[in-house]
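So the structure is just underneath, and the comments pick up after that.
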Amino acid sequence: HTSLPLVINTWPFKSATAAAWHALQSGGSVLDAVEKGCARCEMDQCDGTVGFGGSPDETGETTLDAMIMNGNSMEVGAVADLRRIKNAIGVARAVMERTEHTLLVGESASVFAENMGFVAEDLTTNESLNVFSQWLKGNCQPNYRKNVSPDPSTSCGPYGPKAAQTQYNGERQINIHSHD
Amino acid sequence: TIGMIAMDKDGHMAAGTSTNGLSHKVPGRVGDSPIIGAGAYADSSAGAAAATGDGDIMMRFLPSYLAVELMRNGADPSAACKSAISRIKRHYSDFFGAIICANTTGHYGAACNKVPTLTEFHYMVADSESDTAVLKSVPC
Numbered sequence: 397h398t399s400l401p402l403v404i405n406t407w408p409f410k411s412a413t414a415a416a417w418h419a420l421q422s423g424g425s426v427l428d429a430v431e432k433g434c435a436r437c438e439m440d441q442c443d444g445t446v447g448f449g450g451s452p453d454e455t456g457e458t459t460l461d462a463m464i465m466n467g468n469s470m471e472v473g474a475v476a477d478l479r480r481i482k483n484a485i486g487v488a489r490a491v492m493e494r495t496e497h498t499l500l501v502g503e504s505a506s507v508f509a510e511n512m513g514f515v516a517e518d519l520t521t522n523e524s525l526n527v528f529s530q531w532l533k534g535n536c537q538p539n540y541r542k543n544v545s546p547d548p549s550t551s552c553g554p555y556g557p558k559a560a561q562t563q564y565n566g567e568r569q570i571n572i573h574s575h576d
Numbered sequence: 018t019i020g021m022i023a024m025d026k027d028g029h030m031a032a033g034t035s036t037n038g039l040s041h042k043v044p045g046r047v048g049d050s051p052i053i054g055a056g057a058y059a060d061s062s063a064g065a066a067a068a069t070g071d072g073d074i075m076m077r078f079l080p081s082y083l084a085v086e087l088m089r090n091g092a093d094p095s096a097a098c099k100s101a102i103s104r105i106k107r108h109y110s111d112f113f114g115a116i117i118c119a120n121t122t123g124h125y126g127a128a129c130n131k132v133p134t135l136t137e138f139h140y141m142v143a144d145s146e147s148d149t150a151v152l153k154s155v156p157c
């Protein structure tokens, strides 16, 4: 296909594609298209793998990662381990346009976002709380720890280092509703 | 996770990602999505790519950067995507992942690694021909 302009995105997230396409057709830039498209997915909580209320960590908190890149200027803005801010792609764009840095992370990224006018709010939902509760009830399985004590394949933490390291079998518990 | 590429009629490109990562991750864990060249990469002189899957594995291979560089050297988008997946597969044969690629002329493609939970990868495309979002898929 050579039918420019073009929007393409991973997974069957139709509303995100439509939002990006609308941005382009309305005279927006390619950066606007990517930002609008990803932001749509964040609000829609696409597949539970984007935005607030999904993929709770070991403590039950949802944290967000996002990045945007300008293919002309090679400018990039990115945020990782962002807490309490729903519009992660918007913060990533703010990193690109309002700092000379590339990547901000964690609590400091959240403070930056608040200073730039993004609203801080709890990213937990009943759904993410339920996922977290079920995980705790299931002895914290699946679990990404290794070579720690107590045995992470059967027990919850807190964990400490295990004296003798065992051979890791390399099995990963990624599924279609838990991915980057 | 969503990974997205946008290209205007003049060939200007942008790419982006947004994700809440893996369920039950260790607090502080960050995946490939915000890592430039891993989750996505764009260079209007060569192409753009966006990856999705197990970021702990994929970020070690910078698959989006690799795919763009392959397109810069003449590979078509599907071949570039397949090569980026193959590079990871050499070391992690059962990794969960997929990638989309687009070159400067607006040609696009996708590839994925076949595992029990991923035998076909779905992605969305909108262009001036369709004027709307169209579901596409590629067998892994």
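Heads up: the sequence lines are chains A and B, in that order. For the first sequence, the residue numbers in the working numbering are 397 to 576. For the second sequence, the residue numbers in the working numbering are 18 to 157. Glycine included, every Cβ here is placed at the ideal spot set by N, Cα and C. Quick caveat, the model's predicted, so the values are computed rather than measured.
Subject >> N-terminal and C-terminal residue of the beta strand (DSSP E) that Tyr555 (chain A) is part of >> reply: First-last for Tyr555 (chain A): undefined, no H or E at that position.
Original post:
Do three or more CB pairs link the segment 499-512 of chain A to the segment 529-544 of chain A at distances below 8 Å?
Top reply: Segments in contact, no.
**OP:** Evaluate Gln530 (chain A) with the Cβ neighbour count: other Cβ atoms within 10 Å of its Cβ, from every protein chain shown; 16 or more gives buried, anything less gives exposed.
**Re:** exposed
Subject >> Short-range partners of chain E found in the segment 34-49 of chain B, where Cβ spacing is below 9 Å >> reply: Of the protein chains in this structure, namely A and B, none is chain E.
**OP:** Please check if any C-beta of chain B sits within less than 9 Å of the C-beta of Gly513 (chain A).
**Re:** no
**OP:** For the segment 92-122 of chain B, list the beta strand (DSSP E) runs that are entirely contained and at least 3 residues long, ordered along the chain.
**Re:** 114-120, all fully within the segment 92-122 of chain B.
Subject >> Residues bridged to His139 (chain B) (per DSSP) >> reply: B:Ser154
Original post:
Looking only at C-alpha atoms, which of B:Gly64, B:Ser40 and B:Asp49 sits nearest to Ala119 (chain B)?
Top reply: It is B:Gly64.
Original post:
For Cys129 (chain B), does the three-state DSSP call read helix, strand or coil?
Top reply: The answer is strand: DSSP assigns Cys129 (chain B) an E or B state.
Original post:
Is the Cβ of Lys410 (chain A) closer than 9 Å to any Cβ of chain B?
Top reply: yes
**OP:** Return the chain-ordered list of same chain residues with a C-beta closer than 7 Å to the C-beta of Ala435 (chain A), the five sequence neighbours on each side being excluded.
**Re:** Asn483, Ile485 and Gly486
Original post:
With respect to the alpha helix (DSSP H) encompassing Leu83 (chain B), which residues constitute its N-terminal and C-terminal limits?
Top reply: Pro80 to Arg89
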